[in-house]
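So our numbering is basically just the index in the sequence shown, starting at one, shifted up by 4.
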Amino acid sequence: MIAMTGLAGGAGGAMAADHPSIDKDTGSLTVHKLAQPNTQPEHGTGLEDKSIQGDPIDGIEFDVIPLNGIDLKTNAGWTDLEGAVKAVEDGSALPGTITEGTPVKQTTASDGIAKFADLPVGAYKVEEKLTTEQMQKYTGVAPFVVTIPMTHPTDLNKWVYDVHVYPKNDVRSAEKDVKDAAANFMGSSDVVWNVTTSIPGGEATDLYRVTDQLDPKLTYQKATVTIGGKSAEQADYTVKAEGQAFTMELTEAGRAKALEAIKADKDAKVVTTIVTRVNAAGEINNQAMFYPNAASVENGGTPTDIPQTKFGGVKLHKTGQENKPLEGAEFAVYASSTNDFKTATEIIKAKATDQDGSVTFDGLRYSNFADGAAVEKGATGYMYYWLVETKAPTGYELLAEPIQFDVAGQLASATAIEVKNVPAHGGGFLPRTGSTGFYVLIVAGILVAAGGALVAARSARKAD
5 MIAMTGLAGG AGGAMAADHP SIDKDTGSLT VHKLAQPNTQ PEHGTGLEDK
55 SIQGDPIDGI EFDVIPLNGI DLKTNAGWTD LEGAVKAVED GSALPGTITE
105 GTPVKQTTAS DGIAKFADLP VGAYKVEEKL TTEQMQKYTG VAPFVVTIPM
155 THPTDLNKWV YDVHVYPKND VRSAEKDVKD AAANFMGSSD VVWNVTTSIP
205 GGEATDLYRV TDQLDPKLTY QKATVTIGGK SAEQADYTVK AEGQAFTMEL
255 TEAGRAKALE AIKADKDAKV VTTIVTRVNA AGEINNQAMF YPNAASVENG
305 GTPTDIPQTK FGGVKLHKTG QENKPLEGAE FAVYASSTND FKTATEIIKA
355 KATDQDGSVT FDGLRYSNFA DGAAVEKGAT GYMYYWLVET KAPTGYELLA
405 EPIQFDVAGQ LASATAIEVK NVPAHGGGFL PRTGSTGFYV LIVAGILVAA
455 GGALVAARSA RKAD
């Protein structure tokens with residue numbers, strides 16, 4: 005951490021045996037608050053460093069708290085300081101007779117600076133006070149100790165009375181998206197959720213966790229993790245999925261890899277991929293939470309956005325002559341990502357219409373909604389559906405071609421597709437072997453044959 009390491013170095017330098025006396029009674033502290041600074045020096049110097057660049061963060065409160073009982077104008081005071089620094093870093097009680105005084109509060113301005121002027125010579129505990137909303141966006145800085153003055157980092161016989169510190173805030177980011185463009189029917193298609201989270205820089209964190217309370221309409225299948233774009237090994241993370249509660253945590257090895265990734269690439273991320281199946285139709289929302297360190301578990305994690313996947317249904321109503329319902333017609337559902345039935349595959353096997361002539365198919369992904377966003381017909385992600393009649397009711401013809409349809413809502417609100425069947429042979433009939441018509445033809449044939457024979461016999465007699 006920029007501020008803490010620099011301050012520890014400053015305190016050590018000030019304890020050198022030969023140094024000029026502290027000859028001033030006051031100094032100042034300037035806090036520079038930057039998001040993701042471009043450089044992260046191992047030790048702060050106490051001097052203003054314009055090479056450290058980053059996006060200024062305004063509205064962050066800092067409390068500068070005097071540590072009473074430490075007299076920095078004496079060597080004994082600097083010795084006492086060591087115990088106080090350790091206590092602040094550990095979060096333990098201050099040693100001996102050292103106590104906290106009344107805090108001086110400042111909030112960073114638009115340039116990310118909070119300046120504390122006219123501070124009496126002494127040791128101070130500096131605390132960052134993030135609001136709940138700020139905690140969801142930034143990884144806070146642990147309390148640290150600063151002294152007024154500090155030993156100059158290069159001119160070791162000089163004191164720095166106007167101290168500058170650069171406590172770094174890592175910007176927390178947690179994004180979630182859904183990939184379902186290839187899905188069509190619940191239960192047989194994967195719906196994939198990607199949770200992309202930032203990596204704190206500077207030092208390995210003591211915890212790195214992603215949680216997701218899956219919607220009851222989702223069934224967990226499996227999960228994978230990448231760190232800085234590389235597949236994580238099993239030793240790098242743990243996954244716990246109990247009911248709808250999902251938790252991924254990086255192990256110590258995984259957190260070390262994450263630190264190496266952010267050092268190599270300031271934009272490196274951890275991606276947790278959760279594979280699910282839809283078990284019930286509906287417009288399904290899902291949100292994850294990100295905890296970059298142990299403190300964030302208590303102070304509040306960072307929520308992701310809330311992507312959606314949408315599965316609905318279709319109704320069909322089958323009628324015959326005089327619009328009477330037809331029972332027993334069987335239909336299957338086919339789907340394709342292209343508007344060509346030749347590329348379609350069967351996704352729901354044939355179901356028969358009931359006595360009311362109705363049949364329903366539920367759990368189909370919306371045609372016009374894919375990967376968490378609306379899509380136009382003809383665009384990538386649009387899903388095309390067809391109803392295919394596989395068996396006609398008795399006395400009726402099969403439909404000559406599939407019926408194309410779209411899914412754009414829930415089954416309960418869907419308008420039924422009206423399908424009318426025509427009677428077999430167009431309502432007429434063909435002669436059948438053994439029918440009256442057939443025998444009439446036979447008799448007529450016999451009579452014609454008999455008549456011909458009679459005419460032939462008479463002709464023969466005349467010839468004689």
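Think of the CB as a built atom: it goes at the ideal place given N, C-alpha and C, for glycine as much as any other residue. If you're wondering where the values come from, they're calculated on a predicted model, not measured in any experiment.
(message) Check this for me: beta carbons of LYS129 and LEU85, under 8 Å apart or not?
(response) Along the sequence shown, one-based indexing puts residue 129 at 125. Along the sequence shown, one-based indexing puts residue 85 at 81. It is not a contact, given that the beta carbons lie outside the stated cut-off.
(message) What does the alpha-carbon distance come out to for the pair LYS381 and GLU237?
(response) Here residue 381 refers to the residue found at position 377 when the sequence shown is read from its first residue. Here residue 237 refers to the residue found at position 233 when the sequence shown is read from its first residue. Rounded to the nearest whole angstrom, the CA to CA distance from LYS381 to GLU237 is 41 Å.
(request) Leaving aside the five residues before and after LYS141 along the sequence, list all residues of the same chain whose C-beta is less than 6 Å from its C-beta, in chain order. (result) Position 137 of the sequence shown, counted from the first residue, corresponds to residue 141. Residues ARG176 of the same chain have their beta carbon placed closer than 6 Å to that of LYS141, with the five preceding and five following residues left out of the count.
(message) Quick check on DSSP: helix, strand or coil for ASN173?
(response) Sequence index remark: in the sequence shown, residue 173 carries index 169 (1-based). Three-state result, ASN173: strand.
(request) Assuming LYS37 contacts PRO171 (C-beta within less than 8 Å), just tell me the rounded distance between them. (result) As a position in the sequence shown, residue 37 is number 33, starting the count at 1. As a position in the sequence shown, residue 171 is number 167, starting the count at 1. Contact between LYS37 and PRO171 holds, since their C-beta atoms are separated by about 7 Å, short of 8 Å.
(request) Measuring alpha carbon to alpha carbon, tell me which of ASN198, THR78, ALA420, SER300 ends up nearest THR230. (result) Taking the first residue of the sequence shown as 1, we reach residue 230 at position 226. Of ASN198, THR78, ALA420, SER300, the residue nearest in Cα terms is ASN198.
(request) Assign GLU331 to one of three DSSP states: helix, strand, or coil. (result) Within the sequence shown, residue 331 is the residue found at index 327, counting from 1. Note: GLU331 maps to coil in three-state DSSP.
(message) Out of PRO153, ALA377, THR101, LEU415, which one is the CA nearest neighbour of LEU51?
(response) Translated into positions along the sequence shown, residue 51 becomes position 47. Selected option, being the one with the closest Cα: PRO153.
(request) Rank LYS54, VAL392, GLN291, GLY413 by C-alpha distance to the C-alpha of LEU403 and give the top, closest one. (result) Within the sequence shown, the letter at position 399 stands for residue 403. It is VAL392.
(request) Please say whether GLY73 and THR103 have beta carbons closer to each other than 8 Å? (result) Position 99 of the sequence shown, counted from the first residue, corresponds to residue 103. Position 69 of the sequence shown, counted from the first residue, corresponds to residue 73. Against a cut-off of 8 Å, the Cβ pair of GLY73 and THR103 comes out as a contact.
(request) Tell me ALA118's beta-bridge partners as DSSP assigns them. (result) Numbered from its first residue, the sequence shown carries residue 118 at position 114. In DSSP, ALA118 forms a bridge with VAL35.
(message) Are the CB atoms of GLN110 and ALA118 within a distance shorter than 8 Å?
(response) Along the sequence shown, one-based indexing puts residue 118 at 114. Along the sequence shown, one-based indexing puts residue 110 at 106. Yes, the Cβ-Cβ distance between ALA118 and GLN110 is below 8 Å.
(message) Can you find the residues in the same chain that come closer than 7 Å, C-beta to C-beta, to ILE407, ignoring five residues on each side of it along the sequence?
(response) Counted from its first residue, the sequence shown places residue 407 at position 403. Excluding residues within five positions, the ones whose Cβ falls inside 7 Å are TRP390, LEU391, ILE421, VAL423.
(request) Put LYS346 into one of helix, strand or coil per three-state DSSP. (result) Taking the sequence shown and counting its residues from 1, the one referred to as residue 346 is at position 342. If DSSP states are grouped into helix, strand and coil, LYS346 belongs with the helices.
(request) Sort GLY367, LYS270, LYS353, GLU65 by Cα distance to LEU415 and report the nearest one. (result) Within the sequence shown, residue 415 is the residue found at index 411, counting from 1. The closest CA to that of LEU415, considering only GLY367, LYS270, LYS353, GLU65, is found on GLY367.
(message) Please return the same chain residues whose Cβ sits closer than 6 Å to the Cβ of GLY144, not counting the five positions on each side in sequence.
(response) Along the sequence shown, one-based indexing puts residue 144 at 140. Taking C-beta separations shorter than 6 Å and ignoring five residues to either side along the sequence, the partners of GLY144 in its chain run GLU132, LEU134, following chain order.
(message) How far does the alpha helix (DSSP H) with GLU256 in it extend, from its first residue to its last?
(response) For the purposes of this step, residue 256 is identified with residue 252 of the sequence shown, where counting begins at 1. Secondary structure note for GLU256: its alpha helix (DSSP H) is the uninterrupted segment 256-268.
(message) Whole angstroms are fine: how far does the CA of ALA272 sit from the CA of ILE266?
(response) Taking the first residue of the sequence shown as 1, we reach residue 266 at position 262. Taking the first residue of the sequence shown as 1, we reach residue 272 at position 268. For the pair ILE266 and ALA272, the Cα-to-Cα distance works out to about 5 Å.
(message) Give me, in chain order, the residues of the same chain whose beta-carbon lies closer than 7 Å to that of ALA39; leave out the 5 immediate sequence neighbours on both sides.
(response) The residue you call residue 39 lines up with position 35 of the sequence shown. If you ignore the 5 residues before and after ALA39, its C-beta comes within less than 7 Å of the C-beta of GLY58, ASP59, ILE61, ASN173, VAL175, all in its own chain and listed in chain order.
(request) Return the CA-CA distance between LEU211 and GLN312, expressed in angstroms with no decimal places. (result) Your numbering for residue 211 matches position 207 in the sequence shown. Your numbering for residue 312 matches position 308 in the sequence shown. Within the model, the alpha-carbon separation for LEU211 versus GLN312 is close to 29 Å.
(message) Here's the rule: buried if 16 or more other CB atoms are within 10 angstroms of the residue's CB, otherwise exposed. What is ILE278?
(response) On the sequence shown, position 274 is the one that residue 278 refers to. With at least 16 other beta carbons inside 10 angstroms of its own, ILE278 counts as buried.
(request) May I have the straight-line CA-CA distance separating GLU331 from THR323, to the nearest angstrom? (result) For the purposes of this step, residue 331 is taken as residue 327 along the sequence shown, with counting starting at 1. For the purposes of this step, residue 323 is taken as residue 319 along the sequence shown, with counting starting at 1. Roughly 9 Å between the two C-alpha positions.
(request) Under 7 Å Cβ to Cβ from GLY63, same chain only, skipping five residues before and after it: list those, please. (result) Within the sequence shown, numbered from 1, the residue matching residue 63 stands at position 59. Same-chain partners within the cutoff: THR111, THR112.
(request) For ASP240, name the three-state secondary structure that DSSP assigns. (result) Mapped onto the sequence shown, residue 240 falls at position 236. DSSP places ASP240 within a helical segment (H, G or I) once states are collapsed to three.
(message) Within a Cβ cutoff of 7 Å, which residues of the same chain sit near VAL150, ignoring the five residues on either side of it in sequence?
(response) Start at 1 with the first residue of the sequence shown, and residue 150 comes out as number 146. Taken in chain order, the residues that qualify are LEU11, LEU33, TYR128, VAL130, VAL167, VAL169.
(request) With DSSP as the reference, label GLY87 as helix, strand or coil. (result) Along the sequence shown, read from residue 1 onward, the residue named residue 87 stands at position 83. Assigned with DSSP and collapsed to three states, GLY87 falls in helix.
(request) Out of SER193, ASN188, THR215, GLU65, point me to the one whose CA is closest to THR201's CA. (result) Translated into positions along the sequence shown, residue 201 becomes position 197. The residue with the shortest Cα to Cα distance from THR201 is THR215.
(message) Which residue wins for smallest C-alpha separation from VAL411, given the options LYS353, VAL426, LEU320?
(response) Here the question's residue 411 lines up with position 407 in the sequence shown. Ranking the options by Cα distance to VAL411, first place goes to LEU320.
(request) Tell me GLU104's beta-bridge partners as DSSP assigns them. (result) Residue 104 sits at position 100 when you count from the first residue of the sequence shown. The partner list for GLU104 (beta bridge, DSSP) reads LEU71.
(message) Can you tell me where the alpha helix (DSSP H) holding THR398 begins and where it ends?
(response) On the sequence shown, position 394 is the one that residue 398 refers to. Counted as a single uninterrupted DSSP element, the stretch harbouring THR398 is not any alpha helix (DSSP H), since DSSP gives it neither H nor E.
(message) Quick check on TRP390: does DSSP put it in helix, strand or coil?
(response) As a working mapping, residue 390 is identified with position 386 in the sequence shown. In the structure shown, TRP390 sits in a strand (DSSP, three-state: E or B).
(request) Under 7 Å Cβ to Cβ from PRO124, same chain only, skipping five residues before and after it: list those, please. (result) Here the question's residue 124 lines up with position 120 in the sequence shown. Answer for PRO124: ASP29, THR30, listed in chain order.
(request) Pull up the distance between the alpha-carbon of ALA249 and that of LYS270, whole angstroms please. (result) Here residue 249 corresponds to residue number 245 of the sequence shown, with the count starting at 1. Here residue 270 corresponds to residue number 266 of the sequence shown, with the count starting at 1. Rounded to whole angstroms, the gap between the alpha carbons of ALA249 and LYS270 is 31 Å.
(request) Drop a sphere of 10 angstroms on the beta-carbon of GLN138, count the other beta-carbons inside from all chains shown, and report buried for 16 or more, exposed for fewer. (result) Taking the sequence shown and counting its residues from 1, one reaches residue 138 at position 134. By the 10 Å Cβ count, GLN138 comes out buried.
(message) Taking a contact to mean a Cβ-Cβ separation below 8 Å, would you say GLY376 touches ASP194 in this structure?
(response) Residue mapping note: residue 376 aligns to position 372 of the sequence shown, counting from 1. Residue mapping note: residue 194 aligns to position 190 of the sequence shown, counting from 1. By the CB criterion at 8 Å, GLY376 and ASP194 fall outside the cutoff.
(request) Confirm, please, whether the CB-CB distance from THR251 to ASP240 is below 8 Å. (result) Walking along the sequence shown from the start, residue 240 turns up at place 236. Walking along the sequence shown from the start, residue 251 turns up at place 247. With contacts defined as CB atoms closer than 8 Å, ASP240 and THR251 fail to qualify as a contacting pair.
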